[in-house]
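Enquirer: Take a look at this one; I'll ask things after.
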Amino acid sequence: MSSTHLPGWEPPSSNPPSPQPPQSPGGQQDGSPRYGDYGTAPVGQPGYPQGGYQGYSAPSGPPYGSGPYGGAPYGAGMLGAPRPGIIPLRPLAFGEILGGAFESLRANPRAMFVPALVVMSITGAISAIIFWFLGSRDYASLFDPSFNAASEEETAAVAEDFMLGLLTQYGVIGVLSTLATAILTGLLIVTVSRTILGRLATPGEVWERTKGRLWALIGQAVLTTLITSGVLVVITALAMIPAVLVITDDSTGPAGAGAALILGFLGIVVAALVSMTLYFKLCLAPAALILEHVGIMEGIRRSWALTRGHFWRTAGIRIVSLLIISFASYFISAPVGALAGFLTAIALSSDPILAAQVSGTLSTFLGMLVAALIQPFDAAVIALQYTDVRMRSEGLDIELRRAAGV
1 MSSTHLPGWE
11 PPSSNPPSPQ
21 PPQSPGGQQD
31 GSPRYGDYGT
41 APVGQPGYPQ
51 GGYQGYSAPS
61 GPPYGSGPYG
71 GAPYGAGMLG
81 APRPGIIPLR
91 PLAFGEILGG
101 AFESLRANPR
111 AMFVPALVVM
121 SITGAISAII
131 FWFLGSRDYA
141 SLFDPSFNAA
151 SEEETAAVAE
161 DFMLGLLTQY
171 GVIGVLSTLA
181 TAILTGLLIV
191 TVSRTILGRL
201 ATPGEVWERT
211 KGRLWALIGQ
221 AVLTTLITSG
231 VLVVITALAM
241 IPAVLVITDD
251 STGPAGAGAA
261 LILGFLGIVV
271 AALVSMTLYF
281 KLCLAPAALI
291 LEHVGIMEGI
301 RRSWALTRGH
311 FWRTAGIRIV
321 SLLIISFASY
331 FISAPVGALA
341 GFLTAIALSS
351 DPILAAQVSG
361 TLSTFLGMLV
371 AALIQPFDAA
381 VIALQYTDVR
391 MRSEGLDIEL
401 RRAAGV
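In UniProt numbering, the protein residues as written are 1 to 406.
In structure tokens form, the structure reads like this:
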């Protein structure tokens, strides 16, 4: 399986040191392809070489960063570390990871945003169809004229059915979104791995590299979601069961009921903290799965091992990046959703049921498009965190310098 690893990204056990042949004046080892030579070209190179999937030499031309790119040329990184792409090839500072993620969007916007728009547009269309058909019955019952004259029991039943229907809709849409995000993250991680070494991959090349791993990405996403959410549910349930028993006991006084509520609250807090800890420990699994070409469980084990000793740094960067994503998503989606709802209400003012359906359907689809604009940044952060941790703990920067020919 090691032969399928991306050059330069092999796990330590699969890449034992060996004597290196003399290098040519250009810095590349004679007869060996450079990292990324499965069809990518340096930034600024007008064409791409023809041939097999990998194994042929890189085209000639100025490397990524040979000229100015928004400031100082690459290679002028701190501590003199070479910088053939979006980051210097050395352990990264906190801000360099976030800055490198933004830089990856500018360096290769085509390969970062085109796959995101394609994947999330398809997901958005499917989600919108689901919302339309599942929501038609719920909105019809909620806006039925007889609803206002219904008894208290009938009103509660209709409201309960509506909420269950809404939860079903968003549950199905959430599953679709999780699967789509897993696929998209894998695609974008490959793109970022190219730009780290100063090479641009086209969307087609990224797809060619990733398509054989789609089911593994989906399986890993499902498994990690089950782990984190399962722990959350189990611990919460274990904490709430005694609280419910105490509260429902007629002999329990106010002090006992208060203690039960505190116990339940503490259980929820502990469950959330444990679930978040597991998420941070497993967040690098997609990068390991794609870049090292390992299996689902091995990718999870690699993420767990790589974050050992780097947990708080990993968690801090993920928290900051998720906050950035949340704010950006809100500021983009809130006005767009409000405008869509306002225009729908005006256009369909005579039919409130249809207006509610159209507004909800549009909001669902537009939400996926907003995710297409946000997800590339998140995937870039994951790829750069993975790279940084491996440079810190495994000396990956040495392998990447060799692969980049610097």
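Every residue gets a Cβ at the ideal spot worked out from N, C-alpha and C, and that includes glycine.
Distance check for Leu366 and Gly337, CA to CA, integer angstroms please.
Expert: Straight-line Cα distance between these residues: approximately 7 angstroms.
Enquirer: Report the option in Gln220, Tyr330, Val190 and Arg194 whose CA atom is closest to the CA atom of Thr210.
Expert: The residue with the shortest Cα to Cα distance from Thr210 is Val190.
Enquirer: Can you give me the Cβ contacts of Ala272 inside the same chain, cut-off strictly under 8 angstroms, excluding the 5 residues immediately before and after it?
Expert: Cβ neighbours of Ala272 beyond the five flanking positions: Leu232.
Enquirer: With DSSP collapsed to three states, give me the class of Asp351.
Expert: DSSP places Asp351 in coil when its eight states are reduced to three.
Enquirer: Is the separation between the beta-carbon of Thr307 and that of Lys281 shorter than 8 angstroms?
Expert: Yes. Within cutoff.
Enquirer: Please return the same chain residues whose Cβ sits closer than 6 angstroms to the Cβ of Gly67, not counting the five positions on each side in sequence.
Expert: Any answer about Gly67 is weak, because its pLDDT of 40 lies below 50 and its placement is not dependable; what the coordinates show is given next. Once the five neighbours on either side are set aside, Gly67 has no close Cβ partner at all.
Enquirer: Please determine if the region 177-195 and the region 96-113 are in contact, where contact requires at least 3 C-beta pairs separated by less than 8 angstroms.
Expert: With the cut-off at 8 angstroms, the region 177-195 and the region 96-113 touch.
Enquirer: For the alpha helix (DSSP H) holding Pro242, just list the boundary residues, first then last.
Expert: Run containing Pro242: Leu214 to Thr248, per the alpha helix (DSSP H) assignment.
Enquirer: Is the CB-CB distance between Ser127 and Ile173 below 8 angstroms?
Expert: Closer than 8 angstroms, so yes.
Enquirer: Can you give me the start and stop residues for the alpha helix (DSSP H) that Ile86 sits inside?
Expert: Unbroken run through Ile86: none, as it is neither H nor E.
Enquirer: The alpha helix (DSSP H) that contains Val274, what's its start and end?
Expert: That run of the alpha helix (DSSP H) goes Pro254 to Leu282.
Enquirer: Write down the C-beta distance between Gly87 and Leu384 rounded to the nearest angstrom, noting that I regard them as a contact closer than 8 angstroms.
Expert: At residue 87 the sequence reads Ile, which differs from the Gly that was named. Yes, Ile87 and Leu384 are in contact; Cβ-Cβ is about 7 angstroms, under 8 angstroms.
Enquirer: Which residue marks the beginning of the alpha helix (DSSP H) containing Pro286, and which one marks its end?
Expert: Run containing Pro286: Ala285 to Leu291, per the alpha helix (DSSP H) assignment.
Enquirer: Is DSSP giving Ala81 helix, strand or coil here?
Expert: Here Ala81 sits in coil by DSSP.
Enquirer: So, residue 411 versus Ser329, is the Cβ gap smaller than 8 angstroms?
Expert: Because residue 411 is not part of the residues shown, which for the chain are 1 to 406, the question remains open.
Enquirer: Between Thr210 and the ligand SAM, is the CB less than 7 angstroms from at least one heavy atom?
Expert: As far as ligands go, the structure on display features none, and thus does not contain the ligand SAM.
Enquirer: Which residue's Cα is closest to the Cα of Leu289: Thr225, Leu214 and Leu339?
Expert: Of Thr225, Leu214 and Leu339, the residue nearest in Cα terms is Leu214.
Enquirer: Once DSSP output is grouped into helix, strand and coil, what is the label at Arg194?
Expert: Here Arg194 sits in helix by DSSP.
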